[in-house]
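Q: In the working numbering, the protein residues as written are 9 to 116.
Where is the CB? At the ideal position from N, CA and C, for every residue including glycine.
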Amino acid sequence: MKLIKAIVRPSKVDDVRQALEKASLSGVTVTEVRGHGRQKGHTAVYRGREYAVSLLPKTMIEMVVGDDVADEVVRIVLESARTGDIGDGRIFVLPIENGHNIRTGMAD
């Protein structure tokens with residue numbers, strides 16, 4: 009099993025979710041996060057005063073999938089979240105040793 013963590017623009021979350029559903033992939037966790045990569049934030053103006061915004065709003069989509077579909081999930085996220093501009097996000101793939109269903113107590 010693999011844990012796919014995709015940090016994407018908030019505006020692209022629905023596109024990613026719909027693309028995953030279209031491929032019959034379900035079971036996602038979506039979390040609002042803040043951070044920055046190469047873009048290092050930006051400056052904004054509020055009530056006439058300029059200030060630096062160093063932590064930008066992003067959304068993290070997490071899925072645990074079988075090894076056989078992990079590459080497909082990465083491909084779907086890449087295609088549906090990409091705008092071509094800096095700040096599109098990152099995808100991380102981590103190995104999962106095991107998982108347990110809390111209701112049944114069964115291991116996956």
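1) Less than 8 Å between C-beta atoms, sequence neighbours within five positions excluded: which residues of the same chain meet that for G107?
2) Over the uninterrupted alpha helix (DSSP H) stretch that includes L28, give me the two end residues.
3) Let me know if S88 comes out buried or exposed under the rule of 16 or more other beta-carbons within 10 Å of its beta-carbon.
4) What does a CB cutoff of less than 7 Å around G97 pick up in its chain, not counting 5 residues either side in sequence?
5) Expressed to the nearest angstrom, what Euclidean distance is found between the alpha-carbon atoms of Y54 and L63?
6) What would DSSP say about L86, mapped onto helix, strand or coil?
7) Could you tell me the alpha carbon to alpha carbon distance between S32 and R57, rounded to whole angstroms?
A: Straight from the coordinates:
1) M9, V72, A115 and D116
2) V21 to K30
3) buried
4) A14, I15, V16, R17, K66 and A89
5) 16 Å
6) helix
7) 48 Å
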